[in-house]
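These protein sequence lines map, in sequence, to chains A and B.
For what it's worth, my numbering labels the leading residue of the first sequence as 220, then goes sequentially.
For what it's worth, my numbering labels the leading residue of the second sequence as 25, then goes sequentially.
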Amino acid sequence: MSQDDEILGKAYDSKLMKRLLGYVKPYTKYVVLAILLNLLVAGLGPLRPYLTKIAVDDYIAVKDYDGLLNIALLLVATLIIQSFIQYFLTYYTQLMGQKIIYDLRVKLFAHVQKLALRYFDKTPIGRIVTRVTNDIEALNELFSSGIVMVFSDIFIIVWIFIFMFFMSWDLSLVTLSVLPILIYGTFLFRRKVRESYRDVRFHLARLNSYMQEHITGMAIVQSFAKEDDEIKNIASINSDHKKANIDSIFYYAVFYPVVEVLSAAAVSLIIWYGGGDVIQSSMTIGVLFAFIQYTEMFFRPIRDLSEKYNVMQTAMASSERIFKLLDNETVVKNPDNPKSLPKVKGSIEFDNVCFAYNENDYVLRNVSFKINPGETVAIVGATGAGKTSIINILTRFYDIQNGRILIDGTDIKEIDKRDLRKYISVVLQDVFLFSGTIKSNINLDSENISQEEVINAAKTVGAHKFISLLPNQYNEEVKEKGATLSVGQKQLISFARALAYNPQILILDEATSSVDTETEILIQQAIEKLLVGRTSIVIAHRLSTVQNADKIIVMHKGEIREMGTHQELLSKKGIYYKLYQLQYKDQEISKPA
Amino acid sequence: MRELFELNKYFIAYKKKLIIGMIFILISNAAQIYIPLLLRDSIDGLQNNISYAKLIEYALLIFGAAIISGIFLFLKRQTIIVVSREIEFDIRQDFWSHLQKLPLRFFQNRSTGDIMAHATNDISAVRMYVGPAVMYSVDTITIFLIVIVIIFSISPSLTLYSLLPLPILSYLVYQLSKKIHERFTKIQEKFSELTTKAQENFSGIRVVKSYVRENNEINSFTNLSKDYLDRNMDKVKIQAWFMPILFLISGLSIIIVILVGGGMVINGELTLGEVFAFIAYLSLLIWPVIAFGWVANIIQQASASMKRLKTIMNEDVEIADSEITNKLINGINGTIEFKNVSFRFRDNLPYVLKNINLKIKKGSTVAVVGNTGVGKTALVNLISRLYDISEGELLIDGYNVKSVPLNILRKNIGVVSQETFLFSDTLYNNILYGAKNGNKELVEKVSAISKLEKDVESFPLGYNTILGERGITLSGGQKQRACLARALATDPKVLILDDSFSAVDTNTEEEILIRLKDFMKDRTSIIISHRISTVKDADKIIVLQDGKIVEEGIHDQLVALNGIYADMHFKQLLEEELKELK
């Protein structure tokens with residue numbers, strides 16, 4: 220949890236609320252219907268004590284059994300109607316809440332898809348995930364019960380008042396004299412509980428993060444023989460957590476008895492004051508009956524209302540974070556009037572390109588080169604030479620600060636980003652597999668790529684053989700980022716992916732991880748096939764790749780230092796010669812025949 | 025169910041408090057049950073010309089009974105629920121203590137998240153049983169028994185009629201809460217799928233963007249969100265019945281009393297006050313009846329959680345002191361000898377180390393080099409018994425390593441491991457993590473050796489700066505140097521540096537090595553490194569390949585050998601040349 224996640228501000232912010240209500244708008248009909256139904260159903264509960272009054276005074280007292288039966292049936296009817304309306308109300312308000320947060324969640328996710336890599340570089344993934352999951356979830360209560368139920372609670376209280384005052388206004392006043400204390404007590408209790416709950420949560424978070432961290436660092440704990448101290452430490456945190464909980468038990472332990480005593484006080488008042496009236500025959504027993512029942516009905520709506528503060532506070536805090544992300548406009552701009560390139564031949568030109576991830580900290584300086592359609596260019600260099608940056612800027616993951624990049628003579632800033640990326644396929648060093656099937660990882664769920672094309676691509680790169688040995692072949696599930704597949708197999712799949720998209724330009728960042736000889740042969744053959752007939756840029760780690768390249772560009776500290784073919788560069792005995800000895804020479808020995 | 029019996033030992037520890045709590049329950053319930061009888065008397069009195077004074081007496085008695093009931097209700101919660109928190113504390117403490125003893129093997133096979141799920145969800149499920157479930161059971165049973173006796177004595181037939189709907193309520197509450205729980209679990213599964221999807225998409229955003237799959241990703245996320253909505257509504261469908269059914273059935277019960285009881289009043293079999301007392305008693309019974317169905321669920325969930333907790337609590341400790349431990353050993357000198365040692369992580373896995381023979385003299389420095397995955401780290405982990413050897417013999421000062429008390433062994437070995445793990449605590453506390461008795465002076469001394477003092481000056485609170493997510497994030501090199509300082513602070517007899525300088529630049533490393541020389545005098549050191557500059561001065565260098573020692577000697581000998589070591593040496597010279605190129 221970052222500090223950003225802990226802010227719990229005010230319970231009401233009109234700007235945020237206005238924006239939130241904007242999401243309710245499509246469901247206005249639901250809200251209106253729900254409030255109207257509430258108005259009705261809220262009266263049914265308070266109606267029943269009144270009906271019992273009639274039963275006692277008008278029928279039991281005069282021994283009218285038939286009348287009593289009618290009242291009983293009426294009571295049953297109200298009960299059944301109330302239950303069903305209540306059910307539908309709950310169902311529909313929940314449905315509305317769920318739909319709203321669904322809308323918001325999808326919208327937020329779609330927005331994140333638009334954000335530039337710069338945003339992802341700076342923001343921990345976990346935080347973005349929290350926004351689309353937990354933060355959205357925190358709004359559920361506001362939309363599903365918060366808005367509508369406030370009305371329900373208020374209506375219930377109003378209806379009780381109406382019935383009570385209708386029967387006896389003075390007894391009502393006497394009975395309701397406990398109400399201010401009940402309301403005050405309830406809100407005080409809510410506040411205390413909220414504080415202590417926050418305390419509990421704080422200590423629980425501390426306990427959990429301590430345990431989490433020390434389970435992760437168990438090797439350190441055990442290496443330093445700190446087990447006994449660990450037990451002592453957790454005892455102190457655990458005991459803080461216990462104390463916080465016991466504090467909150469105290470508030471509940473006080474509150475519930477107080478509510479009971481207060482409702483008993485109301486009953487006592489009714490017996491004393493109302494009973495006096497009965498003795499003087501100015502009031503019937505039935506009224507006492509009804510009033511005593513009303514004393515138990517107040518509590519729930521008051522408690523519910525007092526809880527709404529929490530709901531609002533949580534919702535405000537979450538929505539603030541959500542809107543902040545929705546308002547984030549870190550995007551790589553698409554041109555206003557994109558040029559369409561109907562057919563790409565595949566020539567690439569870097570013209571004096573300068574690029575920095577962070578201002579003035581240039582990782583590429585004055586890089587210029589030209590690649591003709593169909594050529595294969597290998598880029599080599601030590602770590603940090605700027606090889607990966609070349610890929611990043613060519614696909615406009617980042618925009619360059621200076622110079623131009625041209626494809627078939629057109630500046631890439633003038634081409635629609637989506638088109639640009641369709642012409643270029645990138646095979647990254649770390650193969651990223653999505654959960655899904657082998658097939659969906661090759662065609663990435665594109666409907667334009669048929670099963671046949673998937674299989675053809677897999678056959679071409681030599682992945683078909685191992686895939687057909689899997690129990691479900693192309694429909695075999697890929698679990699946990701491909702944990703069940705070997706490094707080499709994953710690479711072959713990513714090759715098949717690139718091939719299935721049949722791009723005009725291919726960028727390949729060769730993986731350095733070592734694989735067994737057999738797989739190595741497969742990969743080399745696959746790479747050869749991948750490069751045929753298209754412009755290719757390869758960040759090369761393989762001797763065979765550099766040997767076969769039409770041109771090798773040697774990067775060093777953000778600049779191009781040498782350029783030429785393998786043989787030319789070797790005979791130069793410069794940087795490439797050193798790199799060759801360092802990275803490629805060994806492969807000569809183990810080079811497969 | 026049987027699993028829960030194991031909790032009895034915790035109950036027994038608090039038996040006094042629990043018994044007192046039960047007594048509080050009884051008193052509170054008795055006072056509460058008295059109130060409807062007072063209501064009956066006052067209402068009946070009103071119909072029979074009761075005096076005003078008597079009426080006030082009833083009113084005061086009702087209030088008094090409520091106060092007594094209230095006081096004991098307070099005391100009941102303060103004892104029984106508090107005990108449940110005490111027991112939760114004890115269970116967690118036992119769980120944690122057991123975890124500390126489990127071998128690293130255990131932690132490698134289970135994810136932290138999985139262990140955490142036990143420590144949080146399962147323990148709190150068990151607490152629900154220990155506290156609320158036990159309290160409400162006692163509550164329910166006592167109220168039920170007393171109330172039934174009273175209302176039965178008022179009217180046996182009315183009792184039967186009015187109680188008729190209540191077992192149905194119990195049953196429905198049980199079924200509903202069970203279904204709700206099931207559907208809730210399903211929601212959580214979907215939620216975690218949703219989280220995984222988001223996580224995956226955001227981590228793989230490069231691929232998504234490269235292949236222009238944004239819309240596709242939005243579609244599949246939308247589908248998942250839709251499923252999630254559906255599952256939520258599945259739960260709502262059931263849950264929305266909860267309150268209506270509760271009102272419906274309890275309401276029916278009361279209507280039966282009004283109808284049947286009213287009829288009996290008309291026939292002169294009952295008084296109006298008795299009918300009223302009946303209604304009041306029924307409201308008292310509703311809650312126990314609901315609690316009954318609810319408690320049944322808690323018990324089921326708690327026993328499932330207890331079963332899961334037991335799988336960890338019964339996990340074998342594996343590495344611990346045993347009967348061969350020689351309690352008389354209270355320190356080590358630092359001579360280490362591997363005799364034909366082989367090691368594999370599990371019986372069905374291939375060997376990581378094969379027939380290692382190596383003698384490390386006390387006070388000497390031995391360096392281990394080799395490619396990744398050749399077993400270098402495994403070799404040093406065996407010395408501090410983070411893992412036990414599979415075959416052969418490992419001797420410390422001539423004793424079998426297993427005869428040295430584990431605590432003594434580990435306290436005398438300072439390890440700076442490859443993974444730089446620091447706790448989110450102050451730098452000061454991190455450095456003194458393993459120190460016997462540390463002070464500022466020691467912290468400064470070891471920081472100086474680790475070349476950390478310059479960095480500390482730049483930290484906002486110096487040594488009191490908090491590290492990690494909540495504080496400052498150290499660079500890789502800073503972390504490694506802090507880990508080094510932490511190991512030095514333990515004043516170890518054996519210092520193990522497992523690739524501890526990989527993120528430190530060569531110049532700084534060289535300086536640290538010079539400062540370490542003095543510290544390492546009289547201490548045994550084992551250095552694992554990829555850098556020739558780090559290992560070249562060692563008394564002995566061994567080269568590991570495929571779990572075997574393939575080259576052994578001092579730097580010059582190994583270079584002359586023209587083998588793996590010599591090749592490494594050559595390449596590093598080249599790399600340096602490249603780096604120095606402008």
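Ideal Cβ placement from N, Cα and C applies to all residues, glycine included.
Closer than 7 Å, CB to CB, is residue 831(A) near chain B or not?
Lying before the first or after the last residue shown, residue 831(A) is absent from chain A, which here runs from 220 to 812.
Buried or exposed: residue 330(B), going by 16 or more other Cβ atoms within 10 Å of its Cβ?
Taking the second sequence and counting its residues from 1, one reaches residue 330(B) at position 306. Buried, because 16 or more other Cβ atoms sit within 10 Å of the Cβ of residue 330(B).
Should residue 391(B) and residue 565(B) be called a contact, given that it needs their Cβ atoms to be closer than 7 Å?
Taking the second sequence and counting its residues from 1, one reaches residue 391(B) at position 367. Taking the second sequence and counting its residues from 1, one reaches residue 565(B) at position 541. Cβ distance < 7 Å, so residue 391(B) and residue 565(B) count as in contact.
Any idea what DSSP makes of residue 557(B), helix, strand or coil?
Here residue 557(B) refers to the residue found at position 533 of the second sequence. Three-state DSSP puts residue 557(B) in a helix.
Let me confirm a value: residue 500(B) is counted as buried when at least 16 other C-beta atoms fall within 10 Å, else exposed. Which label applies?
For the purposes of this step, residue 500(B) is taken as residue 476 along the second sequence, with counting starting at 1. Residue 500(B) comes out exposed.
Hey, out of 121(B), 232(B), 44(B) and 163(B), whose CA is closest to residue 664(A)'s CA?
Here the question's residue 664(A) lines up with position 445 in the first sequence. Of the listed residues, the one whose Cα sits closest to residue 664(A) is 232(B).
Between the Cα of residue 476(A) and the Cα atoms of 410(B), 436(B) and 93(B), which residue gives the shortest distance?
Taking the first sequence and counting its residues from 1, one reaches residue 476(A) at position 257. Residue 476(A) has its Cα closest to that of 93(B), out of 410(B), 436(B) and 93(B).
For residue 141(B), which of helix, strand or coil comes out of DSSP?
On the second sequence, position 117 is the one that residue 141(B) refers to. Residue state, collapsed to three classes: helix.
Spell out the partners DSSP gives residue 580(A) in its beta bridges.
The residue labelled residue 580(A) in the question sits at position 361 within the first sequence. Its beta-bridge partners do not exist; DSSP assigns none.
How would you write the range of the alpha helix (DSSP H) that residue 765(A) sits in, first residue to last?
By one-based count along the first sequence, residue 765(A) stands at place 546. Per DSSP, residue 765(A) belongs to the alpha helix (DSSP H) from 762 to 767.
Are any of the Cβ atoms in chain B nearer than 7 Å to that of residue 430(A)?
Position 211 of the first sequence, counting from 1, holds the residue named residue 430(A). Interface residue, yes.
Are the CB atoms of residue 673(A) and residue 658(A) within a distance shorter than 7 Å?
Within the first sequence, numbered from 1, the residue matching residue 658(A) stands at position 439. Within the first sequence, numbered from 1, the residue matching residue 673(A) stands at position 454. Yes, the Cβ-Cβ distance between residue 658(A) and residue 673(A) is below 7 Å.
Are any of the Cβ atoms in chain A nearer than 7 Å to that of residue 34(B)?
Residue 34(B) sits at position 10 when you count from the first residue of the second sequence. Cβ-Cβ to chain A under 7 Å: no for residue 34(B).
Residue 226(A) CB to nearest chain B CB: under 7 Å?
Counted from its first residue, the first sequence places residue 226(A) at position 7. Reliability of the predicted coordinates at residue 226(A) is poor, the pLDDT of 49 falling under 50, and no value is obtained from them.
Taking just the CA atoms, how far does residue 530(A) sit from residue 369(A)?
Position 150 of the first sequence holds residue 369(A). Position 311 of the first sequence holds residue 530(A). Computed Cα separation, rounded: 11 Å.
Please say whether residue 765(A) and residue 727(A) have beta carbons closer to each other than 7 Å?
On the first sequence, position 508 is the one that residue 727(A) refers to. On the first sequence, position 546 is the one that residue 765(A) refers to. Against a cut-off of 7 Å, the Cβ pair of residue 765(A) and residue 727(A) comes out as no contact.
For residue 201(B), count neighbouring Cβ atoms within 10 angstroms of its own Cβ and tell me buried if that reaches 16, exposed if not.
The sequence position of residue 201(B) within the second sequence is 177, counting from 1. That one is buried.
From which residue to which residue does the beta strand (DSSP E) around residue 377(B) run?
Counting from 1 along the second sequence, the entry for residue 377(B) is found at position 353. Run containing residue 377(B): 377 to 384, per the beta strand (DSSP E) assignment.
Could you name the residues of the segment 532 to 551 of chain A whose beta carbon sits closer than 8 Å to any beta carbon of chain B, in the order they occur along the chain?
Residues passing the 8 Å Cβ filter: none.
Go ahead and label residue 212(B) buried or exposed: buried means 16 or more other beta carbons lie within 10 angstroms of its beta carbon, across all protein chains shown.
Translated into the one-based positions of the second sequence, residue 212(B) becomes position 188. Residue 212(B) should be labelled exposed.
Measure the alpha-carbon distance for residue 771(A) versus residue 715(A) and round it to whole angstroms.
If you number the first sequence from 1, residue 771(A) lands on position 552. If you number the first sequence from 1, residue 715(A) lands on position 496. Cα to Cα, residue 771(A) sits roughly 25 Å from residue 715(A).
Spell out the partners DSSP gives residue 758(A) in its beta bridges.
Position 539 of the first sequence, counted from the first residue, corresponds to residue 758(A). 598(A) and 728(A), per the DSSP bridge assignment.
Please confirm whether residue 598(A) has its beta-carbon closer than 7 Å to some beta-carbon of chain B.
Within the first sequence, numbered from 1, the residue matching residue 598(A) stands at position 379. It does not: the Cβ of residue 598(A) has no partner Cβ on chain B nearer than 7 Å.
Given residue 513(A), which residues of its chain have a CB within under 8 Å of its CB, disregarding the five upstream and five downstream residues?
Taking the first residue of the first sequence as position 1, residue 513(A) is located at position 294. Closer than 8 Å at Cβ, skipping near neighbours: 265, 268, 379, 382, 383 and 394.
If you measure from the beta carbon of residue 524(B) to each beta carbon in chain A, is any gap under 7 Å?
What you label residue 524(B) is simply residue 500 of the second sequence in a count that begins at 1. No, because no Cβ of chain A sits closer than 7 Å to the Cβ of residue 524(B).
Would residue 178(B) count as contacting chain A if we go by Cβ distances under 7 Å?
Within the second sequence, the letter at position 154 stands for residue 178(B). Not one chain A Cβ lies under 7 Å of residue 178(B).
Can you give me the start and stop residues for the beta strand (DSSP E) that residue 151(B) sits inside?
Sequence index remark: in the second sequence, residue 151(B) carries index 127 (1-based). Run containing residue 151(B): none in the beta strand (DSSP E); it sits in the alpha helix (DSSP H), 147 to 152.
On the three-state DSSP scale, how would you describe residue 619(A)?
Within the first sequence, the letter at position 400 stands for residue 619(A). Residue state, collapsed to three classes: coil.
For residue 812(A), I'd like the list of residues in its chain whose CB is within less than 8 Å of its CB, leaving aside the five on either flank, ordered along the chain.
On the first sequence, residue 812(A) is found 593 positions in, with the first residue counted as 1. For residue 812(A), the pLDDT reaches just 37, beneath the cut-off of 50, and the residue's location in the model is therefore unreliable, leaving the point undetermined.
Measure the Cβ-Cβ separation of residue 473(A) and residue 272(A) and say whether it is below 7 Å.
Taking the first sequence and counting its residues from 1, one reaches residue 473(A) at position 254. Taking the first sequence and counting its residues from 1, one reaches residue 272(A) at position 53. Cβ atoms of residue 473(A) and residue 272(A): not closer than 7 Å.
So residue 358(B) and residue 518(B) are supposed to be a Cβ contact under 8 Å. How far apart are they, rounded?
The residue you call residue 358(B) lines up with position 334 of the second sequence. The residue you call residue 518(B) lines up with position 494 of the second sequence. Right, their Cβ atoms sit about 5 Å apart.
For residue 786(A), count neighbouring C-beta atoms within 10 Å of its own C-beta (all shown protein chains included) and say buried if the count is 16 or more, exposed if not.
Along the first sequence, one-based indexing puts residue 786(A) at 567. Exposed: under 16 other Cβ atoms inside 10 Å.
Excluding sequence positions up to five away, which residues of its chain have a Cβ less than 6 Å from the Cβ of residue 328(A)?
Reading the first sequence from its first residue, position 109 is the one you call residue 328(A). Excluding sequence neighbours, residue 328(A) sits near 351.
Taking 8 Å as the limit between beta carbons, can you name the residues of its chain near residue 332(B), skipping five residues before and five after?
Translated into positions along the second sequence, residue 332(B) becomes position 308. These residues qualify, in order along the chain: 142 and 146.
For residue 796(A), write down the residues that DSSP places opposite it in a beta bridge.
Along the first sequence, read from residue 1 onward, the residue named residue 796(A) stands at position 577. DSSP output for residue 796(A) lists no bridge partner at all.
Cβ of residue 283(B) less than 7 Å from any chain A Cβ?
Translated into the one-based positions of the second sequence, residue 283(B) becomes position 259. Closer than 7 Å to some Cβ of chain A, the Cβ of residue 283(B) qualifies, so yes.
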